[in-house]
Amino acid sequence: MNARIVERIERLKREKNAIILAHNYERPEVVDIADVTGGSFGLLSAAMETSTDVIVVCSVDFMAEAAAILNPDKRVITPTRDAICPLARQLKKKELIKAKREHPDAHVLLYMNSDTETKALADCVCTAGNALKIAETMDGGSPILFGPDHGLSYYVSKRTAKEIIDIPEHGLCPVHHKITVKDLMKAKEIHPKAKVVAHPECRPEIQNYVDYLGSTSGTIEFCKNAGDAEFLVADEVGLIHMLEKEMPDKTFYPVSDMAFCKAMKKSTLPKIEEALEKDKYEVVVPREIAVAARRPIERMFELA
Ligand code: 13P
Ligand code: SF4
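In this note's numbering, the protein residues as written are 4 to 307.
In structure tokens:
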């Protein structure tokens, strides 16, 4: 079954001059047919560089919208409209406007995992992979209004000299939040030799116990370069497939099987085939929002 649908997807891709981008958390069968796999920054860089006419984004809503914003002259499509990231929804435009008014001297740095209409009000955007560098380099000594993820803001505040003001106060990724210190301690007991890698969206108390903390692509690179053979992965479970694919000689254990992102599993092979066949769903961002959100996204590329 898979072989035939993969063949049809390949043919449609050639006919439409399309590229398929898939985030590291997508389903195994989706990352296996993608032209580019990666974390948020890698996928957006690929979206900027491609010369194809069509870009198929297998990821969550804000990623497809960012790819469309960076490519106003291309057709950007997403196989599903249901890939909604619950973290991104936690910062509302109204709340951001209020915080900006309350902290007029602060600069606004928003995580890529935020709604496009809030990005339109930011000074800069960052991903997990470049948050430290951007927080350090943007706008001198001003405090930073940072949102919506508290895990990432904790990571930045511990590793930079910047004053960080969380917006909202307790934003979190419900998927990474499922990973607890108890899970980690249990896993460490079973696999005492394994190195611990984690995503900065994890709870602050998890972040204090790890050997490596970073983006999904950073984690893949760290595991590749480490001399170790076993890793405990405090991250979304989909990353395990990517790690095993890249390093078949190493062993990866998820710290919690509960850390499953439903939104990142919405794209399927039949939906990708349909997307290519029918050019759907085209990602359209209202022009005014797209123009305003493009500026902080481009700023990220300048500073990263
Ligand atoms: P990365 O940028 O590390 O790939 O993370 C994206 C994400 O959604 C994590 O939940
Ligand atoms: Fe959003 Fe969390 Fe899923 Fe990443 S893992 S897309 S932050 S819900």
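Even glycine gets a Cβ: it sits at the ideal position worked out from N, Cα and C. All values derive from a computational prediction rather than experimental measurement.
Asked: Count Cβ pairs between the segment 182-192 and the segment 229-247 that sit closer than 8 Å; are there 3 or more?; Found: yes
Asked: Can you grab the Cα-Cα spacing for the pair residue 245 / residue 298, in whole Å?; Found: 32 Å
Asked: Taking the C-alpha atoms as reference points, what is the distance between residue 250 and residue 257?; Found: 15 Å
Asked: Is residue 218 near the ligand 13P, with its Cβ less than 8 Å from a heavy atom?; Found: yes
Asked: Residue 36 and residue 242: beta carbons closer than 9 Å?; Found: no
Asked: Is the closest heavy atom of the ligand SF4 to the C-beta of residue 49 under 8 Å?; Found: no
Asked: If you follow the beta strand (DSSP E) that residue 201 is in, where does it begin and where does it stop?; Found: 198-201
Asked: Between 252, 72, 214, 25, which has its C-alpha nearest residue 60's C-alpha?; Found: 25
Asked: Please state if the CB of residue 155 and the CB of residue 215 are separated by a distance shorter than 9 Å.; Found: no
Asked: Check whether the Cβ of residue 150 sits closer than 8 Å to any heavy atom of the ligand 13P, and report yes or no.; Found: no
Asked: Counting only the same chain and skipping the five closest in sequence on each side, list residues whose C-beta sits under 8 Å from that of residue 91.; Found: 63, 64, 65, 116, 117, 118, 151
Asked: Comparing C-alpha positions only, which one of 96, 48, 276, 287 sits nearest to residue 82?; Found: 276
Asked: On the CB-based measure, 16 or more other CB atoms within 10 Å of its CB, does residue 79 come out buried or exposed?; Found: buried
Asked: Helix, strand or coil: which one does DSSP assign to residue 284?; Found: coil
Asked: Using only the alpha-carbon positions, how far apart do residue 140 and residue 292 sit?; Found: 26 Å
Asked: When you measure from the CB of residue 239 to every non-hydrogen atom of the ligand SF4, does any distance come out below 8 Å?; Found: yes
Asked: Give me, in chain order, the residues of the same chain whose beta-carbon lies closer than 8 Å to that of residue 42; leave out the 5 immediate sequence neighbours on both sides.; Found: 26, 27, 130, 131, 132, 218, 219, 220, 221
Asked: Contact check, residue 47 vs residue 15 under 8 Å by CB: the rounded distance?; Found: Going by Cβ atoms, the distance from residue 47 to residue 15 rounds to 23 Å, so no, they are not a contact pair.
Asked: Are residue 303 and residue 167 close, meaning C-beta to C-beta below 9 Å?; Found: no
Asked: Roughly how many angstroms separate the alpha carbons of residue 287 and residue 93, rounded to a whole number?; Found: 22 Å
Asked: Taking contact to mean 3 or more Cβ pairs, one atom from each stretch, closer than 8 Å, check whether the segment 258-270 and the segment 164-181 are in contact.; Found: yes
Asked: Taking Cβ to Cβ, would you say residue 23 is nearer than 9 Å to residue 39?; Found: yes
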